[in-house]
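**Q** I have a structure here, written as structure tokens, and I will follow up with some questions on it.
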């Protein structure tokens, strides 16, 4: 499909569908390794701390590359960034299957982090130009369900295949399918005009957004918009706890409850991700509904998700009963979905269209380096000293910190920051 062609009114939802499948492979590829950690650990004689480093390698490079990726996204066609990234990380996923040593795995996991770093800044910026304030949370929430389905498929499929054929084959399958998808969608995805949805919301459909912002100007936007700083810190907290779930839960189920690899891969993801799939759609609906009457709507839904999820993080780490573990995982996943629905929709409420790729990249940098980049190692060290269950339970403290930060932003800053962004957009449209 040429970018100059007219599209149907429903195309904005078709875009969500296309991005959904790409994000599915984004998460299936990165999650596939966690279920087979016990096999890798045995084959390569690795320690828990080394497994933690492998889990963190992706997050380090993903986070370090994210600001650069976001800046690039604000300067190139996002369609190109998305599809080239998809093909690149899929090829890297295939190459991971050839790893023979700890250093090989570290290298390929880091390389995959680089390849995937372009996707979310580009995809979320592109989505925001098709969906304005009335549908943005729902669109991004529907897209977010792919993260959960991809995590389930990545964990369950790699565990099943690993149990029968070895840990390498799932990487070959997921990577090959990702390459095929990128080729198919190259003619289907269309690049929108930057700021199209926001300009429509303020009644300036024929105007254009300002010129691309420099890095210094972007840093000034971040530094002078308290809501952005709060959302960055809250994302760090949320990603820290999510990394505990994604990296350590399969091993936890195997070690403490005696699950097989396939059972651990399914058990660590299915209940959490299915619950999140339900709640993320609910969270998107509620946020869009509340956003019509108050600028605090989206951040308020996020705050509730972290606050209500914290007790169930504790229960996951402390219970000795499989039934209660499944209940806790499901509840954790449900409240996680409320937060996840609005990760980017909330920050886009206070950041102008021409800087949204950069802010999404910056969020990923902070969230993955400070959160996912540290959690696997910290939990690994605590597990060696105490127990894996205790280390998981302590993640609740980080969740509570994130909830407090969001409450502060909701009460004191978000209303002013939204109004300032909209006023600047209207002024530029008139000039």
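Numbering (this note's numbering), first residue to last: 80 to 510. Where is the CB? At the ideal position from N, CA and C, for every residue including glycine.
Within the segment 396 to 455, note down every full beta strand (DSSP E) run reaching 3 residues or more, in order along the chain.
**A** none
**Q** According to the Cβ coordinates, are residue 251 and residue 176 closer than 7 Å?
**A** yes
**Q** Taking the beta carbon of residue 320 as the centre, do at least 16 other beta carbons fall within 10 Å, making it buried, or is it exposed?
**A** buried
**Q** On the CB-based measure, 16 or more other CB atoms within 10 Å of its CB, does residue 266 come out buried or exposed?
**A** exposed
**Q** With residue 160 and residue 197 assumed to form a contact (beta carbons below 8 Å), what rounded beta-carbon distance in angstroms separates them?
**A** Between residue 197 and residue 160 the Cβ distance is about 5 Å, and since that is below 8 Å, they are a contact.
**Q** Could you compute how far the alpha carbon of residue 425 sits from the alpha carbon of residue 494?
**A** 12 Å
**Q** What number of angstroms, rounded off, separates the C-alpha of residue 372 from the C-alpha of residue 391?
**A** 31 Å
**Q** I need the boundaries of the alpha helix (DSSP H) containing residue 140, first residue and last residue.
**A** 127 to 152
**Q** Could you round the C-beta distance between residue 482 and residue 385 to whole angstroms and report it? I think they count as a contact, below 8 Å.
**A** Rounded to the nearest angstrom, the Cβ distance from residue 482 to residue 385 is 4 Å, consistent with a contact under 8 Å.
**Q** When burial is assigned at 16 or more other CB atoms within 10 Å of the CB, is residue 502 buried or exposed?
**A** exposed
**Q** Do the segment 431 to 441 and the segment 289 to 301 meet, that is, are 3 or more Cβ pairs less than 8 Å apart?
**A** yes
**Q** Tell whether a beta-carbon distance below 7 Å holds between residue 427 and residue 207.
**A** yes
**Q** What three-state label does DSSP hand residue 304 in the structure shown?
**A** coil
**Q** Suppose contacts are defined by Cβ-Cβ distances below 7 Å. Is residue 158 in contact with residue 211 by that definition?
**A** no
**Q** With a cut-off of 8 Å, do at least 3 Cβ pairs link the segment 110 to 117 to the segment 240 to 260?
**A** yes
**Q** To the nearest angstrom, how far is it from the Cα of residue 205 to the Cα of residue 484?
**A** 28 Å
**Q** In the DSSP assignment, the alpha helix (DSSP H) including residue 565 goes from what residue to what residue?
**A** Look at the range of the chain in this structure, 80 to 510, and you will see that residue 565 is not part of it.
**Q** With DSSP run on the structure shown, which of helix, strand or coil describes residue 197?
**A** coil
**Q** How about residue 220 and residue 307: do their beta carbons lie closer than 7 Å?
**A** no
**Q** Are the CB atoms of residue 318 and residue 195 within a distance shorter than 7 Å?
**A** no
**Q** With respect to the alpha helix (DSSP H) encompassing residue 335, which residues constitute its N-terminal and C-terminal limits?
**A** First-last of the alpha helix (DSSP H) with residue 335: 328 to 336.
**Q** Would residue 243 be called buried (16 or more neighbouring beta carbons within 10 Å of its own) or exposed?
**A** exposed
**Q** Is it the case that the Cβ atoms of residue 429 and residue 497 are separated by a distance below 7 Å?
**A** yes
**Q** Note down the Cα distance separating residue 193 from residue 187, rounded to an integer number of angstroms.
**A** Spanning the two alpha carbons is a distance of roughly 10 Å.
**Q** Taking the alpha-carbon of residue 388 as reference, which of 409, 166, 492 has the nearest alpha-carbon?
**A** 409
**Q** Put residue 168 into one of helix, strand or coil per three-state DSSP.
**A** helix
**Q** With a 10 Å radius around its C-beta and 16 neighbouring C-beta atoms as the bar for buried, classify residue 403 as buried or exposed.
**A** With fewer than 16 Cβ atoms within 10 Å of its Cβ, residue 403 is classed as exposed.
**Q** Touching or not, the segment 129 to 147 and the segment 447 to 461, by the rule of three or more beta carbon pairs under 8 Å?
**A** yes
**Q** Using three-state DSSP, classify residue 466 as helix, strand or coil.
**A** coil
**Q** Is the number of C-beta pairs between the segment 458 to 474 and the segment 117 to 131 that are closer than 8 Å three or more?
**A** yes
**Q** Mind checking residue 87: buried by the 16 CB within 10 Å criterion, or exposed?
**A** exposed
**Q** In its own chain, which residues sit with a C-beta less than 6 Å from the C-beta of residue 200, not counting the 5 before and 5 after it?
**A** 148, 149, 152, 436, 439, 440
**Q** Where does residue 273 land, buried or exposed, given buried means 16+ other C-beta within 10 angstroms?
**A** That one is buried.
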